[in-house]
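**Q**
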Ligand SMILES: Cc1cc2nc3c(=O)[nH]c(=O)nc-3n(C[C@H](O)[C@H](O)[C@H](O)COP(=O)(O)O)c2cc1C
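Residue numbers (our numbering): 34 to 234.
Okay, here's the thing in structure tokens:
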């Protein structure tokens with residue numbers, strides 16, 4: 034069984050992004066299971082604590098990333114950018130850099146749920162750019178933003194889901210991630226990362 038780690042970049046109880054992540058987790062293909070990691074205990078980044086002295090929540094986050102076959106983030110957009118909670122988690126997760134940080138070459142896809150009818154894509158663009166710049170492997174070519182999100186959730190046999198068009202888009206986003214995992218899409222990125230590390234003086 035392959036494992037997709039779900040990370041949700043909103044801490045509020047009624048989070049639309051948490052609801053979206055749950056729908057995604059209920060729509061994984063056969064042979065895939067979901068793990069959730071709660072970011073609420075991850076403190077603000079402190080360079081003094083980046084190694085062995087890192088907080089327990091940070092060590093658990095790194096371990097969850099390392100042991101996942103792929104990562105699916107759901108995130109709001111805040112002020113036309115990705116929320117600080119995401120940036121903070123990535124800052125912790127990418128240290129120590131050597132010999133290989135916790136998500137080097139890790140396939141990742143992300144989706145945004147927003148109340149807005151027009152916004153959200155900037156958060157996703159930031160996200161994929163930052164993940165890739167750190168040596169992760171984010172899925173490109175298809176971006177899924179669930180706009181007007183509160184109106185898109187439906188209930189089916191007591192289980193929350195999305196109206197058909199949105200659900201099809203979410204499934205496409207999941208399929209993109211699964212193809213990246215199955216095709217070992219992160220292998221080149223991992224090899225490049227290793228070469229970079231070996232080139233260091
Ligand atoms: C500080 C702040 C800034 C926001 N900025 C944006 C924005 O730039 N674009 C957008 O689409 N929504 C923005 N929103 C609205 C979010 O889409 C909305 O709060 C959404 O419900 C957040 O996701 P959540 O339900 O998972 O917490 C903002 C919300 C907050 C609290």
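Cβ atoms here follow ideal geometry from the backbone N, Cα and C, with glycine treated the same way.
Hey, would you say the C-beta of residue 109 is under 7 Å away from at least one heavy atom of ligand 1?
**A** Residue 109: yes, Cβ under 7 Å from ligand 1.
**Q** Please state whether DSSP places residue 50 in a helix, a strand or coil.
**A** Three-state DSSP puts residue 50 in a helix.
**Q** With hydrogens ignored, establish whether the beta-carbon of residue 203 is closer than 7 Å to any heavy atom of ligand 1.
**A** No.
**Q** Please identify the residue among 124, 214, 47, 186 whose C-alpha is closest to the C-alpha of residue 203.
**A** Nearest C-alpha to residue 203: 186.
**Q** Indicate, with yes or no, if ligand 1 has a heavy atom lying under 7 Å from the CB of residue 65.
**A** Residue 65: no, Cβ never under 7 Å from ligand 1.
**Q** Hey, out of 68, 69, 87, whose CA is closest to residue 77's CA?
**A** Of 68, 69, 87, the residue nearest in Cα terms is 87.
**Q** Would you list the one or two residues that DSSP bridges to residue 106?
**A** Bridge partners of residue 106: 40, 143.
**Q** Is residue 149 near ligand 1, in the sense that its beta carbon is under 7 Å from a heavy atom of that ligand?
**A** At least one heavy atom of ligand 1 is nearer than 7 Å to the Cβ of residue 149, so yes.
**Q** Can you give the Cα-Cα distance for residue 82 and residue 93, rounded to whole angstroms?
**A** Taking the straight line joining both Cα atoms gives about 14 Å.
**Q** Considering only residues of the same chain and omitting the five flanking positions on each side of residue 99, which have a CB-CB separation below 7 Å?
**A** Closer than 7 Å at the Cβ level, and outside the excluded window around residue 99, lie 135.
**Q** Would you mind sorting residue 147 into buried or exposed? The rule is 16 or more other CB atoms within 10 Å of its CB.
**A** Residue 147 should be labelled buried.
**Q** DSSP three-state call for residue 19: helix, strand or coil?
**A** Residue 19 lies beyond the range of the chain shown here (34 to 234); nothing can be said about it.
**Q** From the DSSP output, which residues share a beta bridge with residue 242?
**A** Residue numbering for the chain in the displayed model covers 34 to 234; residue 242 lies beyond these limits and cannot be assessed.
**Q** Would you mind stating whether residue 123 and residue 44 have Cβ atoms separated by less than 8 Å?
**A** Contact: no.
**Q** If I follow the unbroken beta strand (DSSP E) through residue 188, where does it start and stop?
**A** 186 to 189 is the span of the beta strand (DSSP E), which, as asked, contains residue 188.
**Q** Looking at residue 160: is its Cβ nearer than 8 Å to the Cβ of residue 143?
**A** Contact flag set, yes.
**Q** Is it the case that the Cβ atoms of residue 168 and residue 226 are separated by a distance below 8 Å?
**A** Against a cut-off of 8 Å, the Cβ pair of residue 226 and residue 168 comes out as a contact.
**Q** Quick check: is any heavy atom of ligand 1 less than 7 Å from the C-beta of residue 86?
**A** Residue 86: no, Cβ never under 7 Å from ligand 1.
**Q** Quick one: is residue 69 near chain C, going by C-beta distance under 8 Å?
**A** No chain C is present in this structure, which holds just one protein chain.
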